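Reading through the structure tokens given below for one structure.
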Amino acid sequence: MCLLATAASLVVAGCGDGGDPAETATVAGPTLTIYTSMPFEGPDSAAARDVLRGEQLALREAGGRVGRYGVELVPLDAATEKENRWDPAQISENARRAAKDDSAIGYIGEFHSGSSAISIPLLNEVGLLEISPTDSAEALTQRTLAVPDSPVKYYPKARDLGRTFGRVVGNDRGQAAAQVAWMRREGVRRLFEVTDEDPVGAGFLMAMRPLLRAAGITTVGREDVDPHQPDPRDLVEKIARADPDAVFYAGDSHEAVVRLWQDLSVADTGLKLFVPGSIADPTFIEQIGAAAASTYVTRPLLGLRAYPPEAQRLAQRFAKEYGAAPLPEALYGYEAMRALLAAAQQAEEAAGEGPLERVAVRKAFFGLRRDGTVLGDYEILPSGDTSLQRFGAFRIADGRLRYVAPLLGDS
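Residue numbers (the numbering used here): 137 to 547.
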């Protein structure tokens with residue numbers, strides 16, 4: 137789904153019914169509301185549930201309060217039965233609901249890479265802070281030629297209210313550096329690049345290209361895969377003629393990519409196939425079959441045991457509370473909530489006896505320094521990105537992603 141391109145139309149449809157930002161700047165009532173938008177149906181549902189559980193645990197451990205205010209967490213499903221995955225229209229509805237709520241102090245979302253492009257403008261209209269645990273799309277915080285006018289296009293009220301989006305996960309610019317580092321480690325010298333019409337994938341490739349040249353990796357071919365044409369035979373033949381030792385795909389996950397991966401692994405069993413983590417969801421892993429043995433995945437997270445000791449202690453508390461060990465995504469849900477509560481606490485203390493204002497929470501978040509967290513020490517940069525740019529190398533075994541090693545990215 138070409139999400140960054142469709143976001144603007146959804147925002148236009150949603151704007152104008154959220155009220156004047158000045159009228160919603162002060163939080164009303166004794167209870168603050170935090171909304172979280174996650175896809176609780178479809179291939180990402182298990183990870184999304186663990187993100188939510190991490191948020192719930194963080195709020196519970198904070199006593200469910202920020203200063204004199206109680207805090208309520210409201211989960212919203214970003215997926216629909218019809219789509220069986222996240223749905224742009226549903227995300228738009230979730231963001232509008234939060235924007236209309238005078239008690240809202242923050243919004244944790246979205247999950248899938250690039251999907252925050254829908255909610256960011258709607259929430260920026262009313263100055264409501266959004267923190268993503270897992271959305272790594274570069275264009276949301278950094279300028280990229282793959283998405284014209286990024287990132288300013290996502291912040292219609294930036295002049296009055298500033299930026300309102302940040303994340304606790306590394307961005308795709310950093311992940312591109314990690315991807316190239318892994319290719320170099322695996323001895324890749326001749327690379328064939330494949331993408332589709334998805335600007336998230338195009339942006340990823342743009343970030344990679346100067347790094348590939350610096351690493352001595354030659355691009356021997358570039359081609360788009362048509363998501364509406366699942367027969368990849370012509371593309372497989374073109375790749376074979378270019379004689380690469382690896383293929384990299386960045387874009388959306390769809391049948392055409394699955395077929396391409398299957399056919400490439402049969403045509404050349406020695407060919408290494410690289411993808412970013414946004415592609416390698418459980419459905420993709422199941423459908424590519426034997427091609428899994430040739431697939432190399434980077435993700436903006438690590439294996440659970442690679443995180444600091446505080447994460448290991450959280451994993452124990454999580455398992456005791458929910459009866460199972462957490463997926464790594466749970467750590468990011470936990471820290472997204474902790475960071476939001478920390479920003480709100482700073483704003484509440486600064487307000488004294490006065491009312492809590494959304495703009496104060498937003499200002500406290502940007503520049504926030506977080507030490508000793510489950511993710512490690514980091515700060516939120518002016519762009520909204522985290523200074524912590526660590527990524528993981530993963531392989532596929534027994535139908536699951538298996539952590540191999542850490543990879544460093546550039547912020």
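Every residue gets a Cβ at the ideal spot worked out from N, C-alpha and C, and that includes glycine. Since the model is a prediction, treat every value here as computed from it, not as a measurement.
- In this structure the stretch 402-417 touches the stretch 373-381; the number of beta carbon pairs closer than 8 Å is three or more.
- Pairing THR355 with GLU329 gives a Cβ-Cβ distance under 8 Å.
- Scanning its chain for C-beta atoms nearer than 6 Å, with the 5 sequence neighbours on each side dropped, one finds around ALA194 the residues TYR470, MET473, ARG474, in chain order.
- Within the same chain, MET342 come within 7 Å of LEU281 by CB-CB distance, once the 5 residues on both sides are set aside.
- Residue pairing for GLY302: DSSP places it in a beta bridge opposite ILE267.
- DSSP places LEU438 in no alpha helix (DSSP H); its state is neither H nor E.
- According to the DSSP assignment, TYR468 belongs to the alpha helix (DSSP H) that extends over 465-487.
- Taking each of LEU463, GLU484, PRO363, GLY242 in turn and checking the Cα distance to GLU333, the smallest one comes out for PRO363.
- With respect to the 8 Å criterion, PRO412 and ALA392 are not classified as neighbours on the basis of their beta carbons.
- Take ARG498, set aside five residues on each side of it, and the residues of its chain with a beta-carbon closer than 7 Å to its own are GLY263, LEU265, GLY298, THR300, in chain order.
- Pairing GLU446 with ALA533, the inter-Cα distance amounts to about 28 Å.
- Counting the other Cβ atoms within 10 Å of the Cβ of ALA460 gives fewer than 16, which makes it exposed.
- Per DSSP, the continuous alpha helix (DSSP H) segment holding ASP296 begins and ends at 294-297.
- Pairing LEU259 with ALA231, the inter-Cα distance amounts to about 6 Å.
- For ILE415, there is no enclosing beta strand (DSSP E), since its DSSP letter is neither H nor E.
- Assignment of ASP213 by DSSP, reduced to helix, strand and coil, places it in the strand class.
- The Cβ atoms of ILE241 and THR169 lie closer than 8 Å to each other.
- Cα atoms of GLN226 and THR277: separation of roughly 23 Å, rounded to the nearest angstrom.
- DSSP, reduced to helix, strand and coil, places ALA451 within a helical segment of the structure shown.
- Put simply, the stretch 289-296 does not touch the stretch 201-216. Fewer than three CB pairs are less than 8 Å apart.
- VAL202 sits in a strand when the DSSP states are folded into three classes.
- ILE227: member of the alpha helix (DSSP H) spanning 224-236, first to last residue.
- In the DSSP assignment, PRO542 falls within the unbroken beta strand (DSSP E) covering 536-544.
- Here GLN525 is buried, its C-beta having at least 16 other C-beta atoms within 10 Å.
- Membership of GLU359 in the beta strand (DSSP E) is indicated by the continuous run 354-360.
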